[in-house]
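Just add 839 to wherever you are in the sequence shown, counting from 1, and you've got the numbering used here.
For reference, the structure discussed in these notes is given below.
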Amino acid sequence: MRGAALALGLLVLPSAVLAYADLLPEALDLGVFGFDKQPDADLPHVARQLSLGAPLRIVAFGSSSTEGIGASSRAHSYPARLEADLRKALPQLGGQVTVLNRGIGGEHTDDMLRRLDRDVIAAEPQLVIWQTGSNDPLRGVSIEHFREATIGAVRRMQEAGIDVVLMEPQWCPTLEATPGSHRFRDAVREIGAELDVPVIRRAELMHRWVREGQLTRKQLFAPDGLHMADGGYDLLAKAAAEAIIHDAGSVKVAEAVAE
840 MRGAALALGL
850 LVLPSAVLAY
860 ADLLPEALDL
870 GVFGFDKQPD
880 ADLPHVARQL
890 SLGAPLRIVA
900 FGSSSTEGIG
910 ASSRAHSYPA
920 RLEADLRKAL
930 PQLGGQVTVL
940 NRGIGGEHTD
950 DMLRRLDRDV
960 IAAEPQLVIW
970 QTGSNDPLRG
980 VSIEHFREAT
990 IGAVRRMQEA
1000 GIDVVLMEPQ
1010 WCPTLEATPG
1020 SHRFRDAVRE
1030 IGAELDVPVI
1040 RRAELMHRWV
1050 REGQLTRKQL
1060 FAPDGLHMAD
1070 GGYDLLAKAA
1080 AEAIIHDAGS
1090 VKVAEAVAE
């Protein structure tokens, strides 16, 4: 009855929809209010915010690639660039897109899980982009433990009402020289398929950027040969923005991003 009363009130006062966006039941048919519904969206919580024109909060969770090591400044990290790209691509949100940078360099899966509640779930985002699997092979984490811990954490976020996108490890000389590192990249892809979670195939993207001449290897990598430089982070942010919009099922907006 309370849900019906709220719906009736919004029908009488359509302008109240945005103000009460967070109070709407998840199962409410948004078509009643003239919004497009995306029932098959891979990111249903993001799709709901876009349909309502409501604020979108994203947590970029990860290690040094999320923190922005290798970038000339924090403003050139991929989370900062992603926020700017999404604000431009989603004008219906009126700039109400926030990407919180929760990256800490050097962390492996267990390190990140120790701060999952504080840095991720407590922020109440609609979406988490989790960049993981880079430091685990460098620090001797077993692939079996990595898989089990990652699956458990993804499920915890989903149970908290958060959409999840995984980001696989980067392509770089240091990881290429680390025995078994490719198994962590493959594990991230397998976990995505198993849990029906989108995966940003970062290693694949980096190879393509160089192959297609968007960046030279020297432009792609920071001097340490492990992290990306500004150009790489910028392209990563653009790829992430396009993936988010596509997986939210917002075709019209996705076309605007491609222009």
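Where a beta carbon is used, it is the ideal one built from N, C-alpha and C, also for glycine.
Need the endpoints of the alpha helix (DSSP H) that residue i sits in, please.
{"i": "L882", "result": "Here L882 belongs to no alpha helix (DSSP H), and DSSP marks it neither H nor E."}
{"i": "I1083", "result": "D1069 to D1086"}
{"i": "Q1058", "result": "R1056 to L1059"}
{"i": "A910", "result": "No alpha helix (DSSP H) contains A910, which DSSP labels as neither H nor E."}
{"i": "V1027", "result": "S1020 to L1034"}
{"i": "V1004", "result": "No alpha helix (DSSP H) holds V1004; the beta strand (DSSP E) holding it covers D1002 to M1006."}
{"i": "L929", "result": "Note, L929: premise wrong, no alpha helix (DSSP H); not H, not E."}
{"i": "L1044", "result": "R1041 to R1050"}
{"i": "A992", "result": "I982 to E998"}
{"i": "L955", "result": "L955 to D958"}
{"i": "I1014", "result": "The identity of residue 1014 in the sequence shown is Leu, whereas the question assumes Ile. Looking at the DSSP string, the run of the alpha helix (DSSP H) that includes L1014 is P1012 to E1015."}
{"i": "L977", "result": "N974 to L977"}
Below 8 Å between beta carbons: does that hold for residue i and residue j?
{"i": "T1017", "j": "L977", "result": "yes"}
{"i": "D1002", "j": "Q965", "result": "yes"}
{"i": "F1023", "j": "F1060", "result": "no"}
{"i": "V815", "j": "H1021", "result": "This structure does not reach residue 815, given that the chain is present from 840 up to 1098, and the question cannot be answered."}
{"i": "C1011", "j": "G1064", "result": "yes"}
{"i": "A880", "j": "A1076", "result": "no"}
{"i": "L929", "j": "A988", "result": "no"}
{"i": "I990", "j": "I1030", "result": "yes"}
{"i": "G892", "j": "L925", "result": "no"}
{"i": "S912", "j": "H1066", "result": "no"}
{"i": "A999", "j": "I960", "result": "yes"}
Taking the alpha carbon of residue i as the point to measure from, which residue in the options has its own alpha carbon closest?
{"i": "L1054", "options": "D1073, T1013, L921 and D1063", "result": "D1073"}
{"i": "Q1009", "options": "A1068, R986 and A1087", "result": "A1068"}
{"i": "R1041", "options": "D1063, D950 and G1071", "result": "G1071"}
{"i": "G942", "options": "D958, E998 and K927", "result": "D958"}
{"i": "Q997", "options": "L1014, K927 and D956", "result": "D956"}
{"i": "L1014", "options": "R954, S973 and R1047", "result": "S973"}
{"i": "D949", "options": "E983, I908 and K927", "result": "E983"}
{"i": "H1046", "options": "P1037, V1036 and K1057", "result": "K1057"}
{"i": "L939", "options": "R954, K927 and A919", "result": "A919"}
{"i": "D1035", "options": "G1052, A914, R994 and R954", "result": "R994"}
Roughly how far, in whole angstroms, is the beta-carbon of residue i from the beta-carbon of residue j, given that I think they are within contact range, below 8 Å?
{"i": "S916", "j": "A910", "result": "5 Å"}
{"i": "E1081", "j": "I1039", "result": "Actually they are not in contact, since the Cβ atoms of E1081 and I1039 sit about 10 Å apart, beyond 8 Å."}
{"i": "V1027", "j": "L1005", "result": "5 Å"}
{"i": "Q935", "j": "P894", "result": "4 Å"}
{"i": "L921", "j": "A1079", "result": "5 Å"}
Which residues bound the beta strand (DSSP E) around residue i?
{"i": "R941", "result": "V936 to G942"}
{"i": "R896", "result": "L895 to G901"}
{"i": "I968", "result": "L966 to Q970"}
Return no unless some Cβ of chain B is closer than 8 Å to the Cβ of residue i.
{"i": "G909", "result": "Looking at the structure shown, chain B is missing, and only one protein chain is on hand."}
task: Evaluate the contact criterion for the region 956 to 971 versus the region 895 to 904: three or more CB pairs, one atom per stretch, below 8 Å.
output: yes
query: Does the pairing of the region 949 to 966 with the region 884 to 894 give three or more beta-carbon distances under 8 Å?
result: yes
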